[in-house]
């Protein structure tokens, strides 16, 4: 990962290959930020004259490059458009910083003076710049023989805040791990391999980690995980990661992640096009592991326990069939009418395990339904919960992180769609409202716990990058959960 530092130098004498300054959009001409004004004055108004001559409008993310001619220590300056000043937020800065990362990727040392655009909150500005630049520079090139990766080695944040830098680094690191996991081909990241990665992350972070293999899964009566994994040559895994603070915990939080490392649909087979992106069907698990990989460095006062239910959903003579009945960890029987609705089956076991420990709250993340994408598109995750205080805490975390949530209802009248003639519940309802009935199914396995389900089917993967959101797996959810954990206490729920 790129090294990020806070230098002692100012914009005129900072040591770097390129300096980034900002300009706001204006009706007549762009308006330079204070750092850009200092550079312009050192260049005897050459910077502003150049921008006027080239018609630079300072719209968000527009970048103009100009040699400094030796007027300051840095040989090249990049002016980035910040849009309208009245509309500028930390999320805008995060996005702009991601764009800057792409525009400056050929330079080894990049200095940025954009912290001054949020003068009242240097910590928020530094965090946004750090996250935006590191996530915007992300490329998954593990399998490329010739890397086209970012050549930047160091980012220097002039006027940055140490606490904001620490927060930004943790959130970027966790998100990058989540992206790496979800981008890895399923042939190399099967359940056992995912468990190894989770164990390594836990060991590095000083966490306790348990991995349950197939015999243990059977003995612990995890019928959902066992049944979904039955059709694959790769056996399933249940992964448990635990962080305990040094002092008495202020609360206990359980995280649950859907870890379907590849989803063919099972015997309810997907179309060929529908399978292409199914290596990312473990994005919920990736987000949870990403969170846990940095939670010790975040050092929250609450205990955090993560459960990852991982299986590969494949068709074979051993695969679960439509019409079969399985028994989940909490004893409820499930009639499986569609084997492509498998994520909720593995989550049933993981949620049951989480509920057994009576946490103050349970949050699950899953690429659960295409119906949620139909409702909210690709940029918003669906949020379902049985507790409005937990919803409020997650929505606050969403606003800080810039990852979008939209609450959808748990419509009680739809619960009857899950009634089965031969079991306690069936795994699918009617076609319409599928995201809601999926959430209602999950609610059957949380008992009386305060619980929130985040359906990340839309934003977990993107086809084209924008700012700090790069093509492929997005790592969505890591930063929301970390922001929630940082201040989590009994008073929130």
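In our numbering, the protein residues as written are -10 to 482. C-beta atoms are modelled at their ideal positions from N, C-alpha and C, and glycine is treated no differently. The structure displayed is predicted, hence computed values, not measured ones.
Is it buried or exposed, residue 349, if we count other Cβ atoms within 10 angstroms and call 16 or more buried? buried
Per-residue DSSP class, three states only, for residue 77: coil
Under a Cβ-count criterion, where at least 16 other Cβ atoms within 10 Å of its own Cβ denotes burial, should residue 173 be classed as buried or exposed? buried
With 16 as the cutoff for other CB atoms within 10 Å, does residue 131 come out buried or exposed? exposed
Can you tell me whether residue 301 is helix, strand or coil according to DSSP? strand
Report the rounded CA-to-CA distance for residue 27 versus residue 201, giving the unit in angstroms. 60 Å
Do the region 342 to 356 and the region 306 to 314 touch if we need at least three Cβ pairs shorter than 8 Å? no
Short of 6 Å in beta carbon distance, which residues of its chain neighbour residue 459, apart from the five on each side in sequence? Order them along the chain. 127
So the candidates are 117, 417, 53, 169; which of them puts its Cα closest to the Cα of residue 158? The option with the nearest alpha carbon to residue 158 is 117.
Decide if residue 41 is buried, meaning its Cβ has at least 16 other Cβ atoms within 10 Å, or exposed. exposed
Hey, residue 70 and residue 95: beta-carbon distance below 8 Å or not? no
For the region 190 to 200 against the region 220 to 232, are there 3 or more C-beta pairs whose distance is under 8 Å? yes
Keeping to the same chain, check which residues put their C-beta closer than 8 Å to that of residue 111; ignore five residues upstream and five downstream. 104, 148, 149, 150, 153
Find out if the Cβ-Cβ distance for the pair residue 52, residue 67 is shorter than 8 Å. The beta carbons of residue 52 and residue 67 sit closer together than 8 Å.
Tell me the DSSP secondary structure of residue 403 in three-state form. helix
Where do the N-terminal and C-terminal ends of the alpha helix (DSSP H) with residue 205 fall, by residue? 203 to 208
Outcome for residue 469 when other beta-carbon atoms lying within 10 angstroms are tallied against a minimum of 16: buried
If we count the other Cβ atoms within 10 Å of its Cβ and call it buried at 16 or more, is residue 282 buried or exposed? Residue 282 comes out buried.
What do you get for residue 265, buried or exposed, if any count of 16 or more other CB atoms within 10 angstroms of its CB means buried? exposed
Let me confirm a value: residue 54 is counted as buried when at least 16 other C-beta atoms fall within 10 Å, else exposed. Which label applies? exposed
Rounded separation between residue 187 and residue 226 - CA only: 11 Å
Strictly by DSSP, which residues pair up with residue 69? 11, 52
Range of the contiguous alpha helix (DSSP H) that encloses residue 345: 332 to 345
Using the Cα positions of residue 437 and residue 271, report the straight-line distance between them to the nearest angstrom. If you take the alpha carbons of residue 437 and residue 271, they lie about 27 Å apart.
Contact defined as beta carbons within less than 8 Å: I believe residue 163 pairs with residue 397. What is the distance between those atoms, to the nearest angstrom? No, residue 163 and residue 397 are not in contact; Cβ-Cβ is about 26 Å, not under 8 Å.
Can you tell me whether DSSP reads residue 179 as helix, strand or coil? Coil.
Could you tell me the alpha carbon to alpha carbon distance between residue 479 and residue 290, rounded to whole angstroms? Because residue 479 sits at a pLDDT of 48, beneath the cut-off of 50, its placement in the model cannot be relied upon, and the following sentence gives the value as read from the coordinates. If you take the alpha carbons of residue 479 and residue 290, they lie about 11 Å apart.
Measuring only the C-alpha atoms, how far is residue 293 from residue 241? 6 Å
Residue 444 versus residue 279 - alpha carbon distance: 17 Å
Using CA coordinates, which residue listed in 50, 380, 403 is at the minimum distance from residue 394? 380
Inter-residue CB distance, residue 102 and residue 79 (contact presumed, cutoff 8 Å): Between residue 79 and residue 102 the Cβ distance is about 16 Å, and since that is not below 8 Å, they are no contact.
Cβ neighbours of residue 252 in the same chain (closer than 6 Å, five flanking residues each side left out): 267, 270, 302
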